[in-house]
Amino acid sequence: MMLEKKATDFIADLSSAKPVPGGGGACAAVGAFAAALGMMVANLTVGKKRYADAEEEIREILGRLEGLCQELTVLTDKDAECFEPLSRAYGLPKETKEEQARKEQVLEQALYEASIVPLELMETILKTMGCLEILGEKGSRLAVSDVGVGILFAQAALEGASLNVYINTKLMKNRERARELNGKADDLIREGNAFRERTYAGVLAQIRS
6 MMLEKKATDF IADLSSAKPV PGGGGACAAV GAFAAALGMM VANLTVGKKR YADAEEEIRE
66 ILGRLEGLCQ ELTVLTDKDA ECFEPLSRAY GLPKETKEEQ ARKEQVLEQA LYEASIVPLE
126 LMETILKTMG CLEILGEKGS RLAVSDVGVG ILFAQAALEG ASLNVYINTK LMKNRERARE
186 LNGKADDLIR EGNAFRERTY AGVLAQIRS
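For the sequence shown, this note's numbering begins at 6 and goes up steadily by one.
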């Protein structure tokens with residue numbers, strides 16, 4: 006897995022001329038950081054008498070975030086995997102009508118697959134944002150600023166992932182399918198914006214009061 010590398014190695018790969026990891030992998034990594042920050046806040050909350058009333062819920066949130074963080078780690082690699090078929094499709098010959106038709110068919114499917122993965126990433130990040138919102142309300146006050154950082158990371162990852170949807174659907178011949186995928190991305194961004202606005206405003210209210 007890419008995130009099993011040293012951070013410096015991952016950054017070196019990201020900054021190189023290699024096609025992967027790219028923006029999608031970086032978004033998945035940032036989303037994993039957001040989930041990890043939420044886990045930290047949850048771990049700082051459980052077992053504290055002051056938050057005993059929310060203990061069960063925070064433990065549940067911690068378990069959910071552990072799973073989400075793992076999913077986001079896997080999606081860092083999955084993003085890279087979906088790029089290879091797309092790259093191969095662009096390189097297919099197109100000298101004859103048969104070759105042109107074959108290339109168009111393969112490319113269309115590759116573009117679809119390359120759009121589905123960032124949508125999956127967006128859905129996973131959105132679930133992470135929901136957990137962060139609860140932690141902003143019920144988690145340790147000493148770590149509420151980390152909830153704020155996490156929600157901003159998650160928002161950046163969410164919107165960044167959407168760009169990988171839009172750049173691929175733009176090239177799809179099946180415009181009805183492209184509009185459907187774009188619509189899903191639009192809906193996820195709207196939901197994410199609402200999470201970010203509520204959560205970040207709540208964090209600011211606590212640390213600036």
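C-beta: ideal position from N, C-alpha, C; glycine also. What you are looking at is a predicted structure, and each value in this text was computed from that prediction instead of being measured.
Residue i - containing alpha helix (DSSP H), residue span
i	result
residue 13	12–20
residue 214	Here residue 214 belongs to no alpha helix (DSSP H), and DSSP marks it neither H nor E.
residue 149	149–174
CB contact flag (residue i, residue j, <7 Å)
i	j	result
residue 207	residue 141	yes
residue 188	residue 130	no
residue 51	residue 64	yes
residue 111	residue 94	yes
residue 204	residue 156	yes
residue 214	residue 194	no
residue 209	residue 136	no
residue 145	residue 49	yes
residue 154	residue 77	no
residue 87	residue 40	no
residue 59	residue 143	yes
residue 91	residue 119	yes
residue 18	residue 24	no
Cβ shell of residue i (< 6 Å), same chain only, five flanking positions each side left out
i	result
residue 200	134, 138
residue 80	33, 126
residue 116	173, 176, 177
residue 55	none
residue 38	158
residue 109	none
residue 105	99
residue 29	84, 123, 169
Cβ shell of residue i (< 7 Å), same chain only, five flanking positions each side left out
i	result
residue 212	149, 150
residue 83	122
residue 124	170, 186, 189, 190
residue 11	none
residue 183	174, 177
residue 114	none
residue 196	131
residue 161	35
Where residue i sits in the DSSP three-state scheme
i	result
residue 177	coil
residue 208	helix
residue 144	coil
residue 27	coil
Close beta carbons around residue i, own chain, < 8 Å, minus the five adjacent residues each side
i	result
residue 152	42, 43, 46, 137, 140, 141, 144, 204, 208
Which full runs of the beta strand (DSSP E) of 3+ residues lie inside the segment 33–115, going along the chain? none
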